[in-house]
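Engineer: Count along the sequence shown starting at 1, add 48, and that's the number in the working numbering.
Where a beta carbon is used, it is the ideal one built from N, C-alpha and C, also for glycine.
Have a look at this one.
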Amino acid sequence: MASQPVITVSSLTKYYGDFKALDSVSFAVGKGWVYGYLGPNGAGKTTTIRTMLGLLKPDQGEVQITGINPTENPVQALQSLGYAPELPTLQAFFTGEQLLDFMGKMFGLATQARKEKIKQLLDLVGLEEWGDKKIGKYSKGMVQRLSLALALVNDPMVLIMDEPTIGMDPEATAHFRNLFTTLSKQGKTVFISSHLLDEVQRICTHVGMINKGKMIFDGPITQVLEAFTQQWVIEAELEKVTKTMISSLKKLDYVQDVKAEGNKLKIELNEKKDFRGDISSEIFKRKGVLLSLNLHKITLEDAYLRALKGGQ
């Protein structure tokens, strides 16, 4: 039998005055999942997270974190929850070690346990050489790393992160990508709200999409790619694109549509198959001079944009 979800959001509805920020939002996140929560600005992502943290009381519905309602039992819920905000504001006069030590005291860790935890966490987030430096000297990306370390002090079962890799260089981003995979393998559930769709596609096992306060998709990332992106695309660059060329390509059985942008063609396929050989032959038949031909498979960005447009 499948285990109980670690995060359960049921019929969540929230009003700000007459504005309905959340409209019966429901989803569930299982143990060890890396769940990407996607949506445009104003879609309801922040309101959802604040409710999950027990900072907002919903007008209808409820949230459960490891079976605990954070609105009704915030202290108990936070024992198994870690949170790293998008733009953390940390006390610049503390060192990283001092702030981690303070957080450890808040969770009741003994002195020796705190020392061991601090070293472990600084190593984990790649700040082992910066623990004794003032936070005011940290870069934005380093502050993000320390924020994650702070969220892990209590060894939470659930980690909620808002735009975790913003401001990080590629090396740090790759480090975090591996870290999320490691945490997932340890059985922790990672909930990520992000606009970086390429990173979400690399990291996440499941995604939820919200728009205008309503859930438009919830499930494995492979399913969203299939559900909202029905074709692969071939992009062709030619010396010159003619109306005859476009017309002949559109008549091919395996072509759904052809769009022209200057000397480039975007050829949408009916089947998930590499037809580059057939396409190049057709172009040569029409005396076209082909400069490049690339196959683009399904991406999360394609699926996301189609989902926001209702699948169109």
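Can you find at least 3 beta carbon pairs, one from the stretch 249-259 and one from the stretch 86-103, that sit closer than 8 angstroms?
Structural biologist: yes
Engineer: Looking only at its own chain, which residues have a Cβ that is under 7 angstroms from the Cβ of M49, when we skip the five neighbours before and after it?
Structural biologist: Unreliable positioning characterises M49 in this predicted model, as indicated by a pLDDT of 37, which lies under 50. The coordinate reading is nonetheless provided below. By the criterion of a C-beta distance shorter than 7 angstroms, M49 is surrounded by no residue of its chain, once the five residues flanking it on both sides are discounted.
Engineer: Measuring CB atoms only, is the stretch 314-322 touching the stretch 294-306, in the sense that at least three cross pairs come out at less than 8 angstroms?
Structural biologist: yes
Engineer: Could you give the first and the last residue of the continuous beta strand (DSSP E) run that contains S343?
Structural biologist: This sequence places Leu at residue 343; Ser is not what is there. Here the beta strand (DSSP E) through L343 covers L338 to H344.
Engineer: On the three-state DSSP scale, how would you describe N202?
Structural biologist: coil
Engineer: If I follow the unbroken beta strand (DSSP E) through S72, where does it start and stop?
Structural biologist: Note, S72: beta strand (DSSP E), F67 to V77.
Engineer: Quick check on the burial criterion: 16 or more other C-beta atoms within 10 angstroms. Buried or exposed for L339?
Structural biologist: exposed
Engineer: By Cβ distance, which residues of its chain are closer than 6 angstroms to I327, with the 5 residues on each side in sequence left out?
Structural biologist: Excluding sequence neighbours, I327 sits near I282.
Engineer: Where L245 and Q168 are concerned, what is the direct C-alpha to C-alpha distance, given to the nearest angstrom?
Structural biologist: Each residue's alpha carbon lies about 30 angstroms from the other.
Engineer: What separation, rounded to the nearest whole angstrom, lies between the Cα atoms of M205 and F67?
Structural biologist: 33 angstroms
Engineer: Which partner residues does Q112 have in the DSSP bridge list?
Structural biologist: T56
Engineer: Output the boundary residues of the beta strand (DSSP E) element that contains F228.
Structural biologist: It is not in any beta strand (DSSP E) - F228 instead sits in the alpha helix (DSSP H) that spans P218 to K233.
Engineer: Could you tell me if H344 is buried or exposed, where buried requires 16 or more neighbouring beta carbons within 10 angstroms of its beta carbon?
Structural biologist: exposed
Engineer: Buried or exposed, going by whether 16 or more other CB atoms sit within 10 Å of the CB of Q279?
Structural biologist: buried
Engineer: Are the Cβ atoms of G184 and L170 separated by less than 8 angstroms?
Structural biologist: Cβ distance not < 8 angstroms, so G184 and L170 don't count as in contact.
Engineer: Considering only residues of the same chain and omitting the five flanking positions on each side of M190, which have a CB-CB separation below 7 angstroms?
Structural biologist: L175 and W178
Engineer: For E114, collect the residues of the same chain with a Cβ closer than 7 angstroms to its Cβ; drop the 5 residues on either side in sequence, then sort them by chain order.
Structural biologist: For clarity, residue 114 is Thr in the given sequence; the question names Glu instead. The answer, listed in chain order, is V54, S128, M205 and V206.
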